[in-house]
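Participant:
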Ligand SMILES: C[S@@+](CC[C@H](N)C(=O)[O-])C[C@H]1O[C@@H](n2cnc3c(N)ncnc32)[C@H](O)[C@@H]1O
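In this note's numbering, the protein residues as written are -19 to 234.
1. Please return the same chain residues whose Cβ sits closer than 6 Å to the Cβ of residue 193, not counting the five positions on each side in sequence.
2. Any chance the CB of residue -2 is under 7 Å from a heavy atom of ligand 1?
3. Please indicate yes or no: does the CB of residue 61 lie closer than 7 Å to some heavy atom of ligand 1?
4. Here's a check: name, in chain order, each residue in its chain whose Cβ is nearer than 7 Å to the Cβ of residue 41, leaving out the five neighbours to either side.
5. Using 8 Å as the threshold, is the region -5 to 3 in touch with the region 219 to 230, meaning 3 or more CB pairs across them?
6. Residue 178 and residue 138 look like a contact to me (Cβ under 8 Å); what is the Cβ gap, rounded to whole Å?
7. Apart from the five residues just before and just after residue -1, which ones in its own chain have a Cβ nearer than 7 Å to its Cβ?
8. With burial defined as no fewer than 16 other Cβ atoms inside 10 Å of the residue's Cβ, what is the status of residue 201: buried or exposed?
9. Please tell me whether residue 17 and residue 63 are closer than 8 Å, where the distance is taken between their beta carbons.
10. Rounding to the nearest angstrom, what Cα-Cα distance links residue -15 and residue 163 in this structure?
11. Closer than 7 Å: is that where the CB of residue 204 sits relative to any heavy atom of ligand 1?
12. For residue 115 and residue 131, which I take to be in contact (beta-carbon distance under 8 Å), what is that distance rounded to the nearest angstrom?
13. Please identify the residue among 226, 216 and 234 whose C-alpha is closest to the C-alpha of residue 46.
14. For residue -19, is the classification buried or exposed, using 16 other Cβ atoms within 10 angstroms of its Cβ as the cut-off for buried?
15. Looking only at its chain, what residues have a beta carbon closer than 7 Å to the beta carbon of residue 48, apart from the 5 residues adjacent to it on each side?
16. Who are the near neighbours of residue 245 in its chain, counting only those whose CB is closer than 6 Å to its CB and skipping five residues on each side?
17. Grouping DSSP H, G and I as helix and E and B as strand, with all else coil, what is residue 88?
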């Protein structure tokens, strides 16, 4: 896959495979990883795994239909192996002390905390994200109302340099009108996560989708590097982050 690059100010976006792009980034150069990789979670047989993401994540009643995305069909063992590969690359490119925050659902939470550590990071905890009662109830079952952010550091955390005290659980509904990706995360959730990153440090999202991490990075004044395999989502992120960057320039000028 050919790698495309787009830059505006201190924002650099790549369209290509995350592993191929990560390999080209400089060792010990960035300040944080905040990312929401494909979960490859739904479906317990090879047949259901192979279904397009829309059949797993998008009900027939959904208001906005979104383009399909990549990386959802791996079985459990290849998902764990592949995840260790990209996390190891993230570990190499960030400086000692950098935080990592990785989204997961309940099914993949165990493997997520494993691959975060097999990639080299020190696992520090889980931030539960409560998506509120806006999630559809399930008859006879508990609502699948939460996702999780596994987090840690490369070595010792930046605490002395960046003494923030952050909430350890989030409650935020997904607003379908704001969502530009089938499994897009609210910018309000990302706004909270980027607070762990000291000013001036570059945030890397190797699975940026529609660019929600990038919007939060721009709002908080951090340089950002985003990678996305899908051409459609890359174009969506590019447009969204260009607009966010221009808004930030206007606000700073006032
Ligand atoms: C869960 S989505 C991220 C959604 C994002 N947080 C948002 O709010 O829009 C994961 C993204 O990773 C992309 N992806 C999957 N495999 C990839 C790979 N090998 N390299 C780069 N991107 C990949 C998918 O196309 C998908 O858009």
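Virtual Cβ for every residue (Gly too), placed ideally from N, Cα, C. Owing to the predicted nature of the structure, the values given are computational and were not obtained by experimental measurement.
Facilitator: In short:
1. Sequence index remark: in the chain shown, residue 193 carries index 213 (1-based). The answer, listed in chain order, is 14, 170 and 185.
2. Start at 1 with the first residue of the chain shown, and residue -2 comes out as number 18. Yes.
3. Here residue 61 refers to the residue found at position 81 when the chain shown is read from its first residue. No - ligand 1 has no heavy atom lying nearer than 7 Å to the Cβ of residue 61.
4. In the chain shown, the residue the question calls residue 41 occupies position 61. Below a pLDDT of 50, predicted positions are generally treated as unreliable, and residue 41, at 49, falls in that range; no measurement from the model is reported.
5. no
6. Mapped onto the chain shown, residue 178 falls at position 198. Mapped onto the chain shown, residue 138 falls at position 158. Yes, they are in contact, since the Cβ atoms of residue 178 and residue 138 sit about 5 Å apart, within 8 Å.
7. Locating residue -1 in the chain shown gives position 19, where the first residue counts as 1. Excluding positions up to five away in sequence, the list reads 65, 66 and 69.
8. Locating residue 201 in the chain shown gives position 221, counting from the first residue. Burial call: exposed.
9. Taking the chain shown and counting its residues from 1, one reaches residue 17 at position 37. Taking the chain shown and counting its residues from 1, one reaches residue 63 at position 83. Contact: yes.
10. Here residue -15 refers to the residue found at position 5 when the chain shown is read from its first residue. Here residue 163 refers to the residue found at position 183 when the chain shown is read from its first residue. Roughly 24 Å between the two C-alpha positions.
11. In the chain shown, the residue the question calls residue 204 occupies position 224. In this structure, the C-beta of residue 204 stays at least 7 Å away from each heavy atom of ligand 1.
12. Numbered from 1 along the chain shown, position 135 holds the residue referred to as residue 115. Numbered from 1 along the chain shown, position 151 holds the residue referred to as residue 131. Incorrect: roughly 23 Å between the Cβ atoms, too far for contact.
13. On the chain shown, position 66 is the one that residue 46 refers to. Closest option to residue 46, Cα to Cα, is 216.
14. Residue -19 sits at position 1 when you count from the first residue of the chain shown. Under this definition residue -19 is an exposed residue.
15. Here residue 48 refers to the residue found at position 68 of the chain shown. Closer than 7 Å at the Cβ level, and outside the excluded window around residue 48, lie 32, 33 and 34.
16. Residue coverage of the chain in this structure runs from -19 to 234, which leaves residue 245 outside it and unanswerable.
17. Along the chain shown, read from residue 1 onward, the residue named residue 88 stands at position 108. Residue 88 falls in the coil class under three-state DSSP.
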